[in-house]
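Please read the structure below before turning to the comments.
Number of protein chains: 4
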Amino acid sequence: MQPRLRAGILGGGFMAEVHARAIRAAGSEVVLIASSSPDSSARAAARLGIHGIAPNARALIESDAVDVIHVCTPNAFHSEQAGLALLAGKPVVCEKPLATRVSDAEDLVSRARISVTPTAVPFIYRYYPAVREIRSRISHGSAGEMHLLHGSYLQDWLALPTTTNWRVDEKVGGSSRAFADIGVHWCDLMEFVTGHRITRLVSALSRSHPERGSTEDAASILFETDRGASGTLIASQITHGRKNRLHFSFDGELESYRWNQEHPGKFTASNQSSESTIYSGSAELSALSSQRLAHLPAGHPKGYQDAFNAFTADAYASFQDQNVDGLPTFVDGLRAAIITDAVLTSAQSGRWVDVVGPTDGTTAVTNNSLSVLDAALTQ
Amino acid sequence: MQPRLRAGILGGGFMAEVHARAIRAAGSEVVLIASSSPDSSARAAARLGIHGIAPNARALIESDAVDVIHVCTPNAFHSEQAGLALLAGKPVVCEKPLATRVSDAEDLVSRARISVTPTAVPFIYRYYPAVREIRSRISHGSAGEMHLLHGSYLQDWLALPTTTNWRVDEKVGGSSRAFADIGVHWCDLMEFVTGHRITRLVSALSRSHPERGSTEDAASILFETDRGASGTLIASQITHGRKNRLHFSFDGELESYRWNQEHPGKFTASNQSSESTIYSGSAELSALSSQRLAHLPAGHPKGYQDAFNAFTADAYASFQDQNVDGLPTFVDGLRAAIITDAVLTSAQSGRWVDVVGPTDGTTAVTNNSLSVLDAALTQ
Amino acid sequence: MQPRLRAGILGGGFMAEVHARAIRAAGSEVVLIASSSPDSSARAAARLGIHGIAPNARALIESDAVDVIHVCTPNAFHSEQAGLALLAGKPVVCEKPLATRVSDAEDLVSRARISVTPTAVPFIYRYYPAVREIRSRISHGSAGEMHLLHGSYLQDWLALPTTTNWRVDEKVGGSSRAFADIGVHWCDLMEFVTGHRITRLVSALSRSHPERGSTEDAASILFETDRGASGTLIASQITHGRKNRLHFSFDGELESYRWNQEHPGKFTASNQSSESTIYSGSAELSALSSQRLAHLPAGHPKGYQDAFNAFTADAYASFQDQNVDGLPTFVDGLRAAIITDAVLTSAQSGRWVDVVGPTDGTTAVTNNSLSVLDAALTQ
Amino acid sequence: MQPRLRAGILGGGFMAEVHARAIRAAGSEVVLIASSSPDSSARAAARLGIHGIAPNARALIESDAVDVIHVCTPNAFHSEQAGLALLAGKPVVCEKPLATRVSDAEDLVSRARISVTPTAVPFIYRYYPAVREIRSRISHGSAGEMHLLHGSYLQDWLALPTTTNWRVDEKVGGSSRAFADIGVHWCDLMEFVTGHRITRLVSALSRSHPERGSTEDAASILFETDRGASGTLIASQITHGRKNRLHFSFDGELESYRWNQEHPGKFTASNQSSESTIYSGSAELSALSSQRLAHLPAGHPKGYQDAFNAFTADAYASFQDQNVDGLPTFVDGLRAAIITDAVLTSAQSGRWVDVVGPTDGTTAVTNNSLSVLDAALTQ
């Protein structure tokens, strides 16, 4: 049994709580926290049951008491703080978006490569058993060629024009909101599950409440993949009644798979002659990777925190040189930044734009020399 | 009570059966049928319980025994047969697509105007109580400004590459398949319910099984409307497990409405503080137009044939000079042809294209001088 | 082709409308109506488009213009009017309950037997394709022995204590309400689909609003069947939010079947290794009897009126000496009366009571000498 | 901040894992484990990451290293091991059934009272935010008088006759299986949420696979409550396709509430004019007790482990003399044993039987002198 890693958390909001629970569930300890001010740090420390408070981000990152850095601050701070962690040679879990500019994300990936520091970005929807099961089935050819990849990610917490949040402020949240916040989750999941990569896209943004700033409330894209599939995605934060509905339908020649994040314990596999509902935890899960994640019997719902815990456990295992399959790293964070940039560019130009990168040289630096992107294809 | 209209049906397939049942449910009689050959006509007549057989389409149209013409033949014949009916001065119910070319559809609308002949095209999803209720609520401002109009129309009957049908043959079915068959239903419903009109769109077509011909298996569009909303639609005939799933979410500033054609007896109205499921036939239907259509108590499911019957009853009432609200006519058939043409054009050019028309002069000829397109706005 | 039967309808309410539409859809004509008063008859005639009005029930029944009698009056009148129809030697479709006393129902069955007059009682839920398919699968042994037969029939139209209706008045509606109105539908469907017959039951009645009279608002039963299964049913008219939810789960050794009347176009067939959703109209319907009823493609919803139409078409075919499978007759109406009586008796005594009959001698008189009860076993 | 409690776990199966995760999530430590044999203990310790192994249950219970005892062994051992824990004066979390005989459960409650030792039994479905919200609404009178309390708890893991498990062996599992395993969860939840108590019941048991032993595969009951409501429950372990479906509908005069454990993040509240779906984590949760449990935004699913964690956190808080609302204790375990006994008695006699106790004297000993049963009424 390896020594426990000691974690430090930057940020004191909702995501800091989720990270803290996950770190503890992985058997590790949160030893330090630093939020935006001493007061804020003290409140967060009390709320989360953390004994140590660092005076600022840099002090936390450089503290000898801390082995792993968790970046849970507002978007604009991510790349700088992640960069400091890499400079300190410490493994880092950085909330998405990894950076609000592609160049910053590229820079982080380079630094991680050079310093050989392991990283992770919580694209945690990869950590539901149903998701792994579908990925396994597609990679084994159960569905034949994939033709149509479509779905949506719908929320309503910004539906009313009067609602606001730091995410709405372009300076803090970045120049994309709905797509960068939730659209990238869908794209990451699609590429992870199908092994396809988006090569071109055309987009449209909706700014329904311009009084709230310039970032989009909703984004839609049409896309093509490197293996000839077509796709459609709508990401919205203004669809009343949808709380956190990430839904996909991946349609192949022989079979279609559908999954809804709000009911994560099951998915449907349909072919011409039958539509089956398959439950996580049942004997129908054939992939080892999905069985590993389904540690409750079927019908005992697994939730968001369970997925987050599984991601964190894998990240920490990776930080301790174990091989894990499918861990999202800074390379995946860079990929999300590249797609987001393409979405903004297309919306402005009204044209289809190409989506390129990261290149192979870059992907080669994923943790444990395991190419996450290749893993999707060869599992 | 007015004299019963006597109907003649062109075509002997599945849709001919649906029309025949609807004509009888409206209290009228089917007196003649003509299918593709004498044999086929005889078989269809026996199956549908029709006593008279016409030797060919022209003979049926010109027969003195027939007051109303129903065009239920393969797509390529629609415009010619509808044109003959107009020439004979007889009201005509023509299956969609009204024509496979915009110019033909325009020509039919002109002829209908000049001959003052009433027409109808079965965009029958307008005839569910839930649809009318949502339309009424939107027109009364319950949702505020509409921002996002999104949804899908998914089928699977052509999912396997080996499945074929006359619809697959471009010469018989027309140059668009998935969009012209089902995408136009969604667009008609969206424009009917919201009162918005598509002004621009960009599209992508998927031809997953090229061995089956050149028409698309799936089509996706991003669109903008004349009132500033954004929209997304995916229409597919190759999504395993989806039988006939027309689904929409119309998201306004204050409320979102969702409806699924496969469970037509209810819809959801969501706002920031609650998500309500509303049942057709319950006291919650506030619009007269929806109460009129809901002649069964809540929980007693209404189906496709009920909606078709209601459409047909309204068409026949219109043919006898009664005012009816929301009847789809050749003008709506032309609108569908124009949108389909824009979808094909955009897919080829990779550009956003404008969607224009029909012009006001044209819309003025809808039955009973009632502008269907205006009705959506002023109900 | 046989001559059309001419129908007369007793009663002018909601059910009269449903019968009228079904008669017409079957290609027959409604020639006479008689409601509770001349005024009421005139209004109903106008609303339903019926040209002839009879001065009273007896006159309608005895009119030479009428071949078939439909009894759609309040419950207390059913047995007398059905008896008059039998006396006149005319086929009769009588709404359930056939009679509010077992002895009256027995008397009607005897009279039908002696006069060799065909009869029908609209247990119309038998006429959904999904129901026939499940029945066929069970009779072919797909599920092995049936062990648990459970479900519910839930409505809310009497949930508020202030709501009332003639059904609430014991003198007009009979001494059982929730069970006699809707519970019997579930029991008929269970016995029809599984081929099991209830042999013993214990019941509890709920009279939540005693100010509304003495009939029950809800009834629950535990039961045993002649083949060793256990069962549970709850029937309620006071469950807010449930409009007309008849639901069953028939659990066998190898497979369970579930169906919900509010979404009639599909059912689930589950076994240990998979849960399949099966759509009416799809290629997965294996029984001829279900294919016959599913005349729309999968995903095109069939509704309550479609089922009623199919029942009526079969009843009329039976009245004209055709063999039809599974038509509910007065024998089934008597069966419902016997079960209702057992429910009331058990609720009063607090004991399990036996459910016996009708005897074989009685069942032998079903239309066309076809034993409906046997048909469930031998299809 | 109080000192952390150190936990010892008896048993090494699935439930031991769930307890271990919950103990750690509560910030405490699992220091010792003892399973059925040294080998089994070693394997469980490795799997669960526990460093200390006790040679047997007694040694674990009496170890100075352990503050709290978790009893996760097969049913037959519960009462003896819980008794030893009480003898040692250590707080104990005992899996249900607390005992397989009423007298043993009564004895444990007495001993806990005399020794003033706090206890807990994981009726963890009380720990979903939706459940607390419904409880609060009912106690505040939102639904008026409750009339009908019905539902089911359905599983399929014992559907095939060949499946077996220690639970099937009466000597190890006790004389009731389906009811004692899952039926009691439903009854506990019903009494907790509504504040009603079952006073009488009649039951039927189904032993579908007698070759598997004498305990029931399914149990159904009709019941009455002390406040005049009627109820129905079916508990089954042989319903194919149902994995862990605990469902209830609590119907009041003004409103009905429905919840399904497999989709725990939402419930429906229906009245005559609307059916609302309410999401955990949304602003619609009005009860403090539900807000406290919903620490994720709406749409981020909470699962079984989250509920178990919340139960465990409350149990540990209670063990450290904090007041917590609604913690299930040995009194509730005794209540479950009494109801189970009544179910077995009624099934044998075929009669309604009374359900009495525990008496007030007994309930007064719940942790922190807080009467859990009273709390349901006065919250």
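Top line first, the protein sequences correspond to chains P, V, U and C. Residue numbers for the first sequence follow this note's numbering, beginning at 2 and rising by one. Residue numbers for the second sequence follow this note's numbering, beginning at 2 and rising by one. Residue numbers for the third sequence follow this note's numbering, beginning at 2 and rising by one. Residue numbers for the fourth sequence follow this note's numbering, beginning at 2 and rising by one. Here a beta-carbon is modelled for each residue, glycine too, at the ideal position from N, C-alpha and C.
#1: Count the other CB atoms within 10 Å of the CB of leucine 289/C; is the residue buried (16 or more) or exposed (fewer)?
#2: Please confirm whether alanine 77/V and valine 185/V have their CB atoms less than 9 Å apart.
#3: Which chain U residues sit within Cβ distance under 7 Å of serine 274/P?
#4: Is threonine 216/P close to chain U, meaning its C-beta is less than 9 Å from at least one C-beta of that chain?
#5: Tell me whether the stretch 304-315 of chain U and the stretch 13-30 of chain U touch, counting them as touching only if at least three CB pairs, one residue from each stretch, are closer than 8 Å.
#6: Taking the Cβ atom as the reference point for each residue, do leucine 345/U and glutamate 107/U lie within a distance shorter than 9 Å?
#7: Helix, strand or coil: how does DSSP classify asparagine 76/C here?
#8: Evaluate the contact criterion for the stretch 146-166 of chain U versus the stretch 239-255 of chain U: three or more CB pairs, one atom per stretch, below 8 Å.
#9: So what's threonine 233/P in DSSP terms, helix, strand or just coil?
#10: On the CB-based measure, 16 or more other CB atoms within 10 Å of its CB, does arginine 127/P come out buried or exposed?
#11: Residues of chain P with a CB under 7 Å from the CB of serine 277/U: which are they?
#12: Alpha carbons only, please: which of Leu6/P, Gly50/P, Ile340/P is nearest the one belonging to alanine 17/P?
#13: Scan the stretch 234-250 of chain P for residues whose Cβ lies nearer than 7 Å to a Cβ of chain V and list them as they occur along the chain.
#14: Among Thr165/V, Arg59/V, Glu217/V, Ala316/V, whose alpha-carbon lies nearest the alpha-carbon of glutamate 81/V?
#15: Please classify alanine 160/P: does DSSP put it in a helix, a strand, or coil?
#16: Mapping DSSP to helix, strand and coil, what is alanine 365/C?
#17: Verify the CB distance criterion: does isoleucine 135/U have a CB-CB separation below 9 Å to chain P?
#18: If we ignore side chains and look at the alpha-carbon of each, how far apart do lysine 267/C and serine 250/C end up?
#19: Using a threshold of 9 Å, state whether the C-beta atoms of glutamate 63/P and alanine 45/P are closer than that.
#20: Buried or exposed, going by whether 16 or more other CB atoms sit within 10 Å of the CB of alanine 284/C?
#21: Could you tell me which of Gly84/V, Thr120/V, Ala236/V sits nearest to glycine 327/V, measuring between CA atoms?
#22: Could you tell me which of Ser281/U, Ile222/U, Pro56/U sits nearest to isoleucine 199/U, measuring between CA atoms?
#23: Hey, how far is the Cα of alanine 365/C from the Cα of serine 29/P?
#24: Going straight from the alpha carbon of proline 92/V to that of glycine 242/P, what length do you get?
#25: Using a Cβ cut-off of 9 Å (strictly closer), state whether isoleucine 125/U contacts chain C.
#26: Give, in chain order, every residue of the stretch 290-308 of chain U whose Cβ lies closer than 8 Å to some Cβ of chain V.
#27: At a cut of 8 Å, does the stretch 127-140 of chain P reach the stretch 179-194 of chain P through at least three beta carbon pairs?
#28: Quick one: what does DSSP say aspartate 355/P is sitting in, helix, strand or coil?
#29: When you compare each of Ile10/P, Ala343/P, Arg259/P to serine 177/P by their alpha carbons, which one comes out closest?
#30: Just to make sure I have the definition right: I need the residues of chain U whose C-beta is within less than 7 Å of the C-beta of threonine 341/C. Which are they?
#31: Strictly below 7 Å CB to CB, what residues from chain U border alanine 160/C?
#32: Out of Pro56/P, Val32/P, Arg48/P, point me to the one whose CA is closest to serine 38/P's CA.
#33: Can you name the start and end residues of the beta strand (DSSP E) that serine 207/V belongs to?
#34: Can you list, in chain order, the residues of its chain whose CB lies under 8 Å from that of glycine 214/V, leaving out five sequence neighbours each side?
#35: If we ignore side chains and look at the alpha-carbon of each, how far apart do phenylalanine 193/V and proline 329/V end up?
#36: At 8 Å on the CB atoms, spell out the chain U contacts of tryptophan 353/C, in chain order.
If we stick to the structure as given:
#1: Exposed is the call here.
#2: No; because the gap between Cβ atoms is not below 9 Å, this pair is not in contact.
#3: Under the 7 Å cutoff, chain U gives Ala284, Glu285.
#4: By this cut-off, threonine 216/P is not an interface position.
#5: Contact holds: three or more Cβ-Cβ distances are below 8 Å.
#6: For leucine 345/U and glutamate 107/U, no; Cβs fall outside 9 Å.
#7: For asparagine 76/C, the secondary structure class from DSSP, reduced to helix, strand or coil, is helix.
#8: Using a Cβ-Cβ distance cut-off of 8 Å, the stretch 146-166 of chain U and the stretch 239-255 of chain U are in contact, since at least three pairs of beta carbons, one from each stretch, lie closer than that value.
#9: Of the three classes helix, strand and coil, the one that applies to threonine 233/P here is strand, per DSSP.
#10: So arginine 127/P counts as buried.
#11: Within chain P, Ser275, Glu276, Ser277 have C-beta atoms less than 7 Å from the C-beta of serine 277/U, given in sequence order.
#12: When each option's Cα is compared against that of alanine 17/P, the closest is Gly50/P.
#13: Result list: Ile235, Ser237, Ile239, Thr240, His241, Gly242, Ser250.
#14: Of the candidates Thr165/V, Arg59/V, Glu217/V, Ala316/V, the one whose C-alpha sits nearest the C-alpha of glutamate 81/V is Arg59/V.
#15: Here alanine 160/P sits in coil by DSSP.
#16: With a pLDDT of 36 at alanine 365/C, under the threshold of 50, the modelled position of that residue is not reliable, and the figure given next carries that caveat. DSSP places alanine 365/C in coil when its eight states are reduced to three.
#17: At a cut-off of 9 Å, the C-beta of isoleucine 135/U has no neighbouring C-beta in chain P.
#18: Whole-angstrom Cα-Cα distance: 14 Å.
#19: In this structure, alanine 45/P does not lie closer than 9 Å to glutamate 63/P by Cβ.
#20: Counting Cβ neighbours within 10 Å, alanine 284/C comes out exposed, since fewer than 16 surround it.
#21: Comparing Cα-Cα distances from glycine 327/V to each of Gly84/V, Thr120/V, Ala236/V, the minimum goes to Thr120/V.
#22: Across the set Ser281/U, Ile222/U, Pro56/U, the C-alpha of Ile222/U shows the shortest separation from the C-alpha of isoleucine 199/U.
#23: Residue confidence is low: alanine 365/C scores 36 on pLDDT, short of 50, so the model does not pin down where it sits. Its coordinate-derived value is still stated next. A straight line joining the alpha-carbon of alanine 365/C with that of serine 29/P spans about 40 Å.
#24: Those two C-alpha atoms are separated by around 44 Å.
#25: Proximity of isoleucine 125/U to chain C, defined by a Cβ-Cβ separation below 9 Å, is not satisfied.
#26: Taken in chain order, the members of the stretch 290-308 of chain U whose beta-carbon sits within less than 8 Å of a beta-carbon on chain V are His296, Leu297, Pro298, Ala299, Gly300, His301, Pro302, Lys303, Gly304, Tyr305, Gln306, Asp307.
#27: With a cut-off of 8 Å on Cβ pairs, the stretch 127-140 of chain P is in contact with the stretch 179-194 of chain P, counting three or more such pairs.
#28: Strand.
#29: Checked all of Ile10/P, Ala343/P, Arg259/P; the closest Cα to serine 177/P is Ala343/P.
#30: Those do not exist, as threonine 341/C stays about 17 Å from chain U at its closest Cβ, beyond 7 Å.
#31: In chain order: Gln273.
#32: Closest by C-alpha distance to serine 38/P, out of Pro56/P, Val32/P, Arg48/P, is Pro56/P.
#33: It spans 199-207 - the beta strand (DSSP E) in which serine 207/V sits, taken as one unbroken run.
#34: Annotation for glycine 214/V: Val169, Asp170, Glu171 place their beta carbon closer than 8 Å to its own, counting only its chain and skipping 5 residues before and after.
#35: Cα-Cα distance, rounded: 9 Å.
#36: Correct list: Gly351.
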